[in-house]
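Before any comments, here is the structure.
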Amino acid sequence: MRSDYIRLPAYYDHLIGEVDYGALAEYLMNILQRFGCRPQILLDLCCGTGSLLSQLAGRGMELIGVDASPEMLDLAAGKFEALPLEQRPLLLCQDMRELDLYGTIDAAFCTLDSVNSLRRPGDVIAAFSRVSLFLNPGGIFVFDVNSPYKFREILANNVFVYDTDEVYCIWQNEFHEKSGLCRFLMTYFTQNGAHYERSDEIITERVYSRRQLEGYLRKAGLQVLAVYGDQSDAQPGPQEQRLYFVARKEEQRD
1 MRSDYIRLPA
11 YYDHLIGEVD
21 YGALAEYLMN
31 ILQRFGCRPQ
41 ILLDLCCGTG
51 SLLSQLAGRG
61 MELIGVDASP
71 EMLDLAAGKF
81 EALPLEQRPL
91 LLCQDMRELD
101 LYGTIDAAFC
111 TLDSVNSLRR
121 PGDVIAAFSR
131 VSLFLNPGGI
141 FVFDVNSPYK
151 FREILANNVF
161 VYDTDEVYCI
171 WQNEFHEKSG
181 LCRFLMTYFT
191 QNGAHYERSD
201 EIITERVYSR
211 RQLEGYLRKA
221 GLQVLAVYGD
231 QSDAQPGPQE
241 QRLYFVARKE
251 EQRD
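Structure representation (C-alpha coordinates):
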(Lines of atoms letter the chains of each structure in order from A; the text may use other names.)
(Lines give C-alpha, C1' and ligand atoms only; values in the text may rest on other atoms or scores of the structure.)
Protein backbone atom coordinates (compact mmCIF):
# COMPACT_ATOMS: atom_id res chain seq x y z
CA MET A 1 0.00 0.00 0.00
CA ARG A 2 1.36 3.39 -1.01
CA SER A 3 2.16 6.14 1.47
CA ASP A 4 -0.08 9.21 1.78
CA TYR A 5 3.02 11.35 1.37
CA ILE A 6 3.16 12.42 -2.26
CA ARG A 7 4.49 15.98 -2.18
CA LEU A 8 5.80 16.11 1.40
CA PRO A 9 9.04 14.13 0.81
CA ALA A 10 10.58 16.93 -1.25
CA TYR A 11 10.07 19.40 1.62
CA TYR A 12 10.25 17.08 4.62
CA ASP A 13 13.78 17.84 5.79
CA HIS A 14 13.19 21.59 5.47
CA LEU A 15 9.93 21.57 7.42
CA ILE A 16 11.20 19.54 10.39
CA GLY A 17 14.65 21.08 10.52
CA GLU A 18 14.27 21.69 14.26
CA VAL A 19 14.56 17.96 15.01
CA ASP A 20 17.94 17.15 16.57
CA TYR A 21 18.51 13.66 15.16
CA GLY A 22 21.82 13.28 16.95
CA ALA A 23 20.16 13.82 20.31
CA LEU A 24 17.28 11.54 19.32
CA ALA A 25 19.67 8.75 18.34
CA GLU A 26 21.49 9.03 21.69
CA TYR A 27 18.19 9.00 23.58
CA LEU A 28 16.96 5.87 21.81
CA MET A 29 20.25 4.01 22.16
CA ASN A 30 20.36 4.88 25.87
CA ILE A 31 16.92 3.30 26.27
CA LEU A 32 18.17 0.10 24.67
CA GLN A 33 21.19 0.07 26.97
CA ARG A 34 18.99 0.70 30.02
CA PHE A 35 17.04 -2.47 29.28
CA GLY A 36 20.09 -4.57 28.45
CA CYS A 37 19.67 -4.58 24.68
CA ARG A 38 22.84 -4.36 22.58
CA PRO A 39 21.54 -4.89 19.07
CA GLN A 40 23.47 -6.36 16.20
CA ILE A 41 20.59 -5.74 13.79
CA LEU A 42 18.30 -2.73 14.21
CA LEU A 43 15.21 -1.64 12.27
CA ASP A 44 14.14 1.97 11.76
CA LEU A 45 10.47 1.60 10.84
CA CYS A 46 9.00 4.50 8.84
CA CYS A 47 12.53 5.81 8.39
CA GLY A 48 11.51 8.69 6.13
CA THR A 49 14.47 10.43 4.52
CA GLY A 50 16.97 8.51 6.64
CA SER A 51 18.10 11.26 9.00
CA LEU A 52 17.91 9.06 12.10
CA LEU A 53 19.58 6.17 10.28
CA SER A 54 22.43 8.52 9.37
CA GLN A 55 23.02 9.15 13.08
CA LEU A 56 22.89 5.43 13.87
CA ALA A 57 25.35 4.43 11.14
CA GLY A 58 28.88 3.56 12.19
CA ARG A 59 27.86 2.18 15.60
CA GLY A 60 28.66 -1.43 14.73
CA MET A 61 25.09 -2.47 13.90
CA GLU A 62 23.45 -3.74 10.75
CA LEU A 63 20.71 -1.23 9.94
CA ILE A 64 17.43 -1.68 8.08
CA GLY A 65 15.23 1.22 7.04
CA VAL A 66 11.62 0.63 6.03
CA ASP A 67 9.22 3.21 4.63
CA ALA A 68 6.10 3.09 2.46
CA SER A 69 7.17 6.13 0.43
CA PRO A 70 9.59 5.45 -2.45
CA GLU A 71 10.25 9.19 -2.67
CA MET A 72 11.37 9.27 0.96
CA LEU A 73 13.62 6.26 0.41
CA ASP A 74 15.21 7.84 -2.67
CA LEU A 75 16.22 10.82 -0.55
CA ALA A 76 17.47 8.50 2.20
CA ALA A 77 19.65 6.55 -0.22
CA GLY A 78 21.33 9.78 -1.29
CA LYS A 79 22.39 10.47 2.30
CA PHE A 80 24.24 7.16 2.52
CA GLU A 81 26.28 7.35 -0.68
CA ALA A 82 29.34 8.66 1.15
CA LEU A 83 29.25 5.88 3.76
CA PRO A 84 31.37 2.73 3.42
CA LEU A 85 29.33 -0.08 1.92
CA GLU A 86 29.30 -2.05 5.16
CA GLN A 87 27.70 0.88 7.00
CA ARG A 88 24.93 1.59 4.51
CA PRO A 89 21.47 0.59 5.73
CA LEU A 90 19.32 -1.84 3.79
CA LEU A 91 16.31 0.16 2.56
CA LEU A 92 12.96 -1.53 1.94
CA CYS A 93 9.77 0.02 0.56
CA GLN A 94 7.02 -1.54 2.66
CA ASP A 95 3.87 -0.63 4.53
CA MET A 96 4.47 -1.10 8.26
CA ARG A 97 1.34 -3.25 8.51
CA GLU A 98 2.89 -5.66 6.01
CA LEU A 99 6.47 -5.63 7.29
CA ASP A 100 8.39 -8.55 5.78
CA LEU A 101 12.08 -8.80 6.63
CA TYR A 102 14.70 -11.31 5.51
CA GLY A 103 15.43 -12.39 9.06
CA THR A 104 15.04 -11.42 12.69
CA ILE A 105 16.13 -8.21 14.38
CA ASP A 106 17.26 -7.28 17.89
CA ALA A 107 15.62 -3.87 18.18
CA ALA A 108 13.26 -1.54 16.32
CA PHE A 109 12.55 2.19 16.41
CA CYS A 110 9.52 4.00 14.99
CA THR A 111 9.68 7.74 15.59
CA LEU A 112 8.13 11.12 14.79
CA ASP A 113 4.52 10.00 15.37
CA SER A 114 4.50 7.49 12.52
CA VAL A 115 2.19 5.25 14.57
CA ASN A 116 -0.38 8.07 14.58
CA SER A 117 -0.61 7.76 10.79
CA LEU A 118 -2.36 4.41 11.28
CA ARG A 119 -6.02 5.37 11.27
CA ARG A 120 -7.64 2.25 12.75
CA PRO A 121 -6.85 0.22 15.86
CA GLY A 122 -6.61 -2.90 13.71
CA ASP A 123 -3.87 -1.23 11.67
CA VAL A 124 -1.85 -0.51 14.82
CA ILE A 125 -2.22 -4.09 16.05
CA ALA A 126 -1.18 -5.37 12.62
CA ALA A 127 1.95 -3.19 12.58
CA PHE A 128 2.91 -4.12 16.15
CA SER A 129 2.34 -7.80 15.36
CA ARG A 130 4.68 -7.64 12.37
CA VAL A 131 7.38 -5.99 14.50
CA SER A 132 6.85 -8.64 17.15
CA LEU A 133 7.11 -11.41 14.56
CA PHE A 134 10.58 -10.33 13.48
CA LEU A 135 11.95 -9.32 16.88
CA ASN A 136 14.19 -11.87 18.54
CA PRO A 137 12.97 -12.97 22.00
CA GLY A 138 14.04 -10.26 24.42
CA GLY A 139 14.27 -7.70 21.59
CA ILE A 140 13.18 -4.11 22.26
CA PHE A 141 10.70 -1.94 20.34
CA VAL A 142 10.68 1.83 20.97
CA PHE A 143 8.17 4.17 19.34
CA ASP A 144 6.65 7.57 19.96
CA VAL A 145 3.25 9.13 19.38
CA ASN A 146 1.71 12.56 19.52
CA SER A 147 -0.20 12.66 22.80
CA PRO A 148 -3.95 13.23 23.18
CA TYR A 149 -3.07 16.57 24.82
CA LYS A 150 -1.13 17.66 21.72
CA PHE A 151 -3.99 16.76 19.38
CA ARG A 152 -6.61 18.54 21.47
CA GLU A 153 -4.69 21.60 22.64
CA ILE A 154 -1.74 22.21 20.29
CA LEU A 155 -2.71 20.86 16.88
CA ALA A 156 -6.49 21.18 17.39
CA ASN A 157 -7.99 23.35 14.62
CA ASN A 158 -5.00 25.66 14.44
CA VAL A 159 -3.03 26.95 11.48
CA PHE A 160 0.78 26.93 11.26
CA VAL A 161 3.01 28.68 8.75
CA TYR A 162 6.54 27.60 7.78
CA ASP A 163 8.70 29.93 5.71
CA THR A 164 12.03 28.43 4.61
CA ASP A 165 14.36 29.22 1.73
CA GLU A 166 13.02 26.17 -0.12
CA VAL A 167 9.27 26.23 0.57
CA TYR A 168 6.48 28.31 2.07
CA CYS A 169 4.00 25.99 3.77
CA ILE A 170 0.56 26.65 5.26
CA TRP A 171 -0.53 23.80 7.56
CA GLN A 172 -4.23 23.84 8.51
CA ASN A 173 -5.60 21.33 11.02
CA GLU A 174 -9.06 19.84 11.39
CA PHE A 175 -9.37 17.77 14.58
CA HIS A 176 -12.52 15.71 15.11
CA GLU A 177 -12.87 14.72 18.75
CA LYS A 178 -15.46 12.00 18.15
CA SER A 179 -13.50 10.08 15.52
CA GLY A 180 -10.10 10.94 16.95
CA LEU A 181 -8.89 11.88 13.48
CA CYS A 182 -6.86 14.98 12.69
CA ARG A 183 -6.52 16.09 9.07
CA PHE A 184 -3.51 18.17 8.12
CA LEU A 185 -4.26 20.25 5.04
CA MET A 186 -0.82 21.05 3.64
CA THR A 187 -0.38 23.82 1.04
CA TYR A 188 3.10 24.30 -0.41
CA PHE A 189 4.40 27.25 -2.42
CA THR A 190 7.76 26.88 -4.20
CA GLN A 191 9.48 29.42 -6.39
CA ASN A 192 9.92 28.65 -10.07
CA GLY A 193 11.72 31.57 -11.66
CA ALA A 194 9.64 34.70 -11.17
CA HIS A 195 6.57 32.70 -10.20
CA TYR A 196 5.40 30.49 -7.35
CA GLU A 197 3.84 27.07 -7.82
CA ARG A 198 1.21 25.77 -5.44
CA SER A 199 0.61 22.15 -4.48
CA ASP A 200 -1.70 20.61 -1.87
CA GLU A 201 -2.13 17.35 -0.01
CA ILE A 202 -3.99 16.00 3.00
CA ILE A 203 -2.30 13.93 5.70
CA THR A 204 -4.35 12.23 8.41
CA GLU A 205 -3.34 11.13 11.89
CA ARG A 206 -5.31 9.54 14.72
CA VAL A 207 -5.04 10.08 18.44
CA TYR A 208 -4.43 7.01 20.61
CA SER A 209 -4.43 6.93 24.39
CA ARG A 210 -1.71 5.37 26.47
CA ARG A 211 -4.12 2.68 27.64
CA GLN A 212 -5.09 1.79 24.06
CA LEU A 213 -1.49 1.48 22.89
CA GLU A 214 -0.46 -0.62 25.87
CA GLY A 215 -3.34 -2.97 25.05
CA TYR A 216 -2.34 -3.20 21.37
CA LEU A 217 1.23 -4.04 22.38
CA ARG A 218 0.07 -6.85 24.63
CA LYS A 219 -2.11 -8.26 21.85
CA ALA A 220 0.99 -8.33 19.65
CA GLY A 221 2.92 -10.35 22.24
CA LEU A 222 4.97 -7.38 23.46
CA GLN A 223 5.52 -6.58 27.13
CA VAL A 224 5.30 -2.88 28.04
CA LEU A 225 8.44 -1.91 29.95
CA ALA A 226 8.08 1.86 30.23
CA VAL A 227 6.31 4.97 28.95
CA TYR A 228 8.30 8.20 29.00
CA GLY A 229 7.73 11.85 28.29
CA ASP A 230 9.33 13.59 25.32
CA GLN A 231 12.99 12.45 25.26
CA SER A 232 12.76 12.07 29.02
CA ASP A 233 13.48 9.31 31.51
CA ALA A 234 10.42 10.27 33.56
CA GLN A 235 6.73 9.41 33.42
CA PRO A 236 4.83 11.71 31.05
CA GLY A 237 3.07 14.69 32.59
CA PRO A 238 -0.51 15.79 31.79
CA GLN A 239 0.70 18.31 29.22
CA GLU A 240 3.24 16.07 27.54
CA GLN A 241 3.12 16.49 23.77
CA ARG A 242 5.00 13.32 22.80
CA LEU A 243 5.07 9.92 24.50
CA TYR A 244 7.74 7.23 24.10
CA PHE A 245 6.76 3.59 24.57
CA VAL A 246 9.27 0.84 25.31
CA ALA A 247 8.22 -2.78 24.80
CA ARG A 248 9.99 -6.13 24.77
CA LYS A 249 9.33 -9.31 22.83
CA GLU A 250 8.37 -11.89 25.37
CA GLU A 251 10.82 -14.73 25.90
CA GLN A 252 9.78 -18.09 24.57
CA ARG A 253 8.59 -20.52 27.23
CA ASP A 254 9.15 -24.26 27.21
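If you count the sequence shown from 1, position 24 lands on 24 in full-length UniProt numbering, and the numbers rise without skipping.
Ideal placement from N, C-alpha and C gives every residue a C-beta, glycine not left out.
Check: Nearest-angstrom Cα separation, counted from residue 243 out to residue 228; Outcome: 6 Å
Check: Whole-angstrom distance between residue 104 and residue 8, CA atom to CA atom; Outcome: 31 Å
Check: Nearest neighbour of residue 302, chosen from 47, 196, 58 and 180 [CA to CA]; Outcome: Outside the displayed span of the chain (1 to 254) sits residue 302, for which this structure offers no information.
Check: Runs of alpha helix (DSSP H) lying entirely within the UniProt domain "Methyltransferase" (43 to 139), each at least 4 residues, in chain order; Outcome: 51 to 56, 70 to 79 and 121 to 134
Check: Burial state of residue 106 (16 or more Cβ within 10 Å); Outcome: buried
Check: Helix, strand or coil at residue 208 [DSSP, three-state]; Outcome: coil
Check: Cβ-heavy atom distance, residue 90 to the ligand SAM, below 6 Å; Outcome: As presented, the structure is devoid of all ligands, the ligand SAM included, so that no description of it is given.
Check: CB of residue 31 within 7 Å of CB of residue 142, strictly; Outcome: yes
Check: Limits of the unbroken alpha helix (DSSP H) element including residue 177; Outcome: Where residue 177 is concerned, there is no enclosing alpha helix (DSSP H), given that its DSSP letter is neither H nor E.
Check: Three-state class that DSSP yields for residue 214 in the structure shown; Outcome: helix
Check: Residue 273 in three-state terms, based on DSSP; Outcome: Summary: the structure shown does not reach residue 273, with the chain confined to residues 1 through 254, and so no result is reported for it.
Check: Whether residue 189 touches residue 173 by CB criterion (7 Å); Outcome: no
Check: 7 Å Cβ cutoff met for residue 64 and residue 43; Outcome: yes
Check: Residue from 23, 153, 178 and 110 with nearest C-alpha to residue 239; Outcome: 153
Check: Pair within 7 Å by beta-carbon distance, residue 224 and residue 247; Outcome: yes
Check: Simplified DSSP state of residue 38, which is helix, strand or coil; Outcome: coil
Check: For residue 144, the three-state DSSP class (helix, strand or coil); Outcome: strand
Check: Opposing strand residues paired with residue 192 [DSSP bridges]; Outcome: 195
Check: Beta-ladder partner(s) of residue 219, from DSSP; Outcome: DSSP, once it has assigned bridges, lists no residue as partnering residue 219.
Check: Residues near residue 16 by beta carbon distance below 8 Å, same chain, minus five either side; Outcome: 112
Check: Under the three-state DSSP convention, the category residue 154 falls into; Outcome: helix
Check: Continuous beta strand (DSSP E) stretch holding residue 163: start and end; Outcome: 159 to 163
Check: First through last residue of the beta strand (DSSP E) which encompasses residue 247; Outcome: 242 to 249
Check: Residue 241 versus residue 230: straight-line alpha-carbon distance, rounded; Outcome: 7 Å
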